[in-house]
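A.B. asks: Quick one: the structure is below, questions incoming.
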Ligand SMILES: Cc1ncc(COP(=O)(O)O)c(C=O)c1O
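Numbering (the working numbering), first residue to last: 576 to 974.
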């Protein structure tokens, strides 16, 4: 039996192999601190739990339209105006999806033809490259600045007559970098001038802890709104990962293309999750969210301080829940993957290698775990670095 070329071309994430090893070690009785998690360690807001439970108990859990219920599409459109400053999306400009990943893959499939190029700003979230490939597109990696912000010269250089879209993610996974308003304006101007679509992954939108809030390109006026697809969901900003619910919002033609694709591939989004999401978006923001953000902020400040005290260079993340230190000085020929394997085996700490995000210089630490566990993780990492054969030269290079 031979698999299709499509399936053969998709690689299994490096993270999965490390996750499996961490799990095996934990099962053998070792206390692994898992900093590779990509989801908030908080329950979904009470209003969500209540609305979802009510829906289940009503017994009335049937298919909805492929683009989701009208009530939820309307709430998403209005919420985008209230919290993102975008001119409200009409119901026809919103399609509800099973998750942000589903929204993103639908948008890529609706816009990208075989051979079309899509720019990814490195380091970029693991699935972007594979989603573009599945659609037959060509992912084009664009390096970023040392502080993980956009390098506009590199972006301009990467554009060719085949470039169709940019895949933009702010706040970023894995760096926590939040694009400044000036940077978003510059990207918007560039995409207008070069006739490109912007796929704007705003899944960490709410998780910004200081400075300017996140800016959606679609908020910059009708011309740029007409070439932007806003992609978001409930997973991170509302701590609803397992509900699997999200949306794509943008020009009707694209949204209807995504809807048609999804109607055949996945049918309708989950009815119970739609009710939960609707409850979260109707009225004031659930009270738990501000508390979650305050807690993430406390952990962020502590962790970045600790990593810098260890002599690591870490870009200051304004958002999401990740730190992305540079560990180049400690690497051997196995790169960041070998570094993460050693950290796991020697000090029982699970991290994600930068290769998962297209760069082999940094590692990702999630702070979506309690401060106690983060502090234990920091002690372990410090112990690992202090015993490392390259410690002296690494410290000298950092000075
Ligand atoms: C940048 C980014 N986009 C999209 C997703 C997918 O989110 P969802 O759970 O809504 O599919 C993730 C999840 O880790 C992410 O980090």
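No residue lacks a Cβ here, since even glycine has one placed at the ideal position from N, Cα and C.
So what's residue 897 in DSSP terms, helix, strand or just coil?
C.D. replies: Of the three classes helix, strand and coil, the one that applies to residue 897 here is strand, per DSSP.
A.B. asks: Could you give the DSSP three-state label for residue 846: helix, strand or coil?
C.D. replies: Here residue 846 sits in helix by DSSP.
A.B. asks: Taking residue 931 as the reference, which of 677, 769, 586 has the closest Cα?
C.D. replies: Of 677, 769, 586, the residue nearest in Cα terms is 586.
A.B. asks: Using 8 angstroms for Cβ pairs, my map puts residue 676 next to residue 702. What's the rounded Cβ distance?
C.D. replies: Confirmed, Cβ separation roughly 6 angstroms.
A.B. asks: Measure from the alpha carbon of residue 804 to the alpha carbon of each residue in 655, 615, 618, 596, then state which is nearest.
C.D. replies: Taking only the C-alpha atoms, the option nearest residue 804 is 655.
A.B. asks: Is it buried or exposed for residue 770, if we count other Cβ within 10 angstroms and need 16 for buried?
C.D. replies: Exposed, since its Cβ has fewer than 16 Cβ neighbours within 10 Å.
A.B. asks: Ignore the nearest five residues each way along the sequence and tell me which others in residue 690's own chain have a CB closer than 8 angstroms to its CB.
C.D. replies: Closer than 8 angstroms at the Cβ level, and outside the excluded window around residue 690, lie 711, 712, 713, 737.
A.B. asks: Can you name the residues that DSSP bridges to residue 927?
C.D. replies: 939.
A.B. asks: Please classify residue 921: is it buried, with 16 or more other beta-carbons within 10 angstroms of its beta-carbon, or exposed?
C.D. replies: Classification for residue 921: exposed.
A.B. asks: If you draw a straight line from the C-alpha of residue 671 to the C-alpha of residue 787, how long is it?
C.D. replies: Rounded to the nearest angstrom, the two C-alpha atoms are 28 angstroms apart.
A.B. asks: Quick one: does the C-beta of residue 598 sit closer than 7 angstroms to a heavy atom of ligand 1?
C.D. replies: Residue 598: no, Cβ never under 7 angstroms from ligand 1.
A.B. asks: Should residue 802 and residue 773 be called a contact, given that it needs their Cβ atoms to be closer than 8 angstroms?
C.D. replies: Yes, the pair counts as a contact, with Cβ atoms nearer than the cut-off.
A.B. asks: If you compare alpha carbons, which of 925, 968, 602 is closest to residue 591?
C.D. replies: The candidate whose alpha carbon is nearest that of residue 591 is 925.
A.B. asks: What does a CB cutoff of less than 8 angstroms around residue 767 pick up in its chain, not counting 5 residues either side in sequence?
C.D. replies: Excluding positions up to five away in sequence, the list reads 798, 799, 802.
A.B. asks: Given a cut-off of 8 angstroms on the beta-carbon distance, is the pair residue 640 and residue 865 in contact?
C.D. replies: Not in contact: residue 640 and residue 865 (Cβ atoms no closer than 8 angstroms).
A.B. asks: What separation, rounded to the nearest whole angstrom, lies between the Cα atoms of residue 893 and residue 782?
C.D. replies: Straight-line Cα distance between these residues: approximately 8 angstroms.
A.B. asks: Quick one: does the C-beta of residue 833 sit closer than 7 angstroms to a heavy atom of ligand 1?
C.D. replies: Because no heavy atom of ligand 1 lies under 7 angstroms away, the Cβ of residue 833 does not count as near it: no.
A.B. asks: Give, in chain order, every unbroken run of the beta strand (DSSP E) that is at least 3 residues long and sits entirely within the stretch 580 to 652.
C.D. replies: Correct list: empty.
A.B. asks: Which parts of the stretch 862 to 898 are runs of the alpha helix (DSSP H), unbroken and 4 residues or longer, counting only runs that do not cross its ends?
C.D. replies: Here the runs fully enclosed are 862 to 884.
A.B. asks: I need the boundaries of the alpha helix (DSSP H) containing residue 706, first residue and last residue.
C.D. replies: Element bounds for residue 706: 701 to 709.
A.B. asks: Does the beta carbon of residue 745 fall short of 7 angstroms from some heavy atom of ligand 1?
C.D. replies: Checking every heavy atom of ligand 1 against the Cβ of residue 745, none is found closer than 7 angstroms.
A.B. asks: DSSP three-state label for residue 775, please.
C.D. replies: Three-state result, residue 775: strand.
A.B. asks: Taking C-beta to C-beta, are residue 686 and residue 717 nearer than 8 angstroms?
C.D. replies: Cβ atoms of residue 686 and residue 717: not closer than 8 angstroms.
A.B. asks: Report yes or no: do three or more beta-carbon pairs, one from the stretch 933 to 952 and one from the stretch 624 to 644, lie closer than 8 angstroms?
C.D. replies: The stretch 933 to 952, when compared against the stretch 624 to 644, does not touch it at the 8 angstroms Cβ threshold.
A.B. asks: Cβ of residue 778 within 7 angstroms of any heavy atom in ligand 1?
C.D. replies: Yes; taking the cut-off as 7 angstroms, the Cβ of residue 778 has a heavy atom of ligand 1 nearer than that.
A.B. asks: Tell me the DSSP secondary structure of residue 744 in three-state form.
C.D. replies: Three-state DSSP puts residue 744 in a strand.
A.B. asks: If we ignore side chains and look at the alpha-carbon of each, how far apart do residue 794 and residue 664 end up?
C.D. replies: Residue 794 and residue 664: Cα-Cα distance of roughly 11 angstroms.
A.B. asks: Do the stretch 888 to 902 and the stretch 937 to 947 meet, that is, are 3 or more Cβ pairs less than 8 angstroms apart?
C.D. replies: In short, these stretches touch, since the Cβ pair count reaches three.
A.B. asks: Give me whichever residues DSSP pairs with residue 716 in a beta bridge.
C.D. replies: The partner list for residue 716 (beta bridge, DSSP) reads 695.
A.B. asks: Just reading off the beta strand (DSSP E) that residue 672 is part of, what are its end residues?
C.D. replies: Per DSSP, residue 672 belongs to the beta strand (DSSP E) from 669 to 672.
A.B. asks: Compare the beta carbon distance of residue 956 and residue 885 with 8 angstroms and say whether it is the shorter of the two.
C.D. replies: Against a cut-off of 8 angstroms, the Cβ pair of residue 885 and residue 956 comes out as a contact.
A.B. asks: Determine the extent of the alpha helix (DSSP H) in which residue 953 is found, giving its start and end residues.
C.D. replies: First-last of the alpha helix (DSSP H) with residue 953: 946 to 961.
A.B. asks: For residue 805, report the span of its beta strand (DSSP E) as first-last.
C.D. replies: Its beta strand (DSSP E) spans residues 803 to 808.
A.B. asks: Output the boundary residues of the beta strand (DSSP E) element that contains residue 823.
C.D. replies: Element bounds for residue 823: 821 to 824.
A.B. asks: Is the beta carbon of residue 927 sitting closer than 8 angstroms to the one on residue 914?
C.D. replies: No, the pair does not count as a contact, with Cβ atoms beyond the cut-off.
A.B. asks: Which two residues bound the contiguous alpha helix (DSSP H) that contains residue 684?
C.D. replies: Here the alpha helix (DSSP H) through residue 684 covers 675 to 686.
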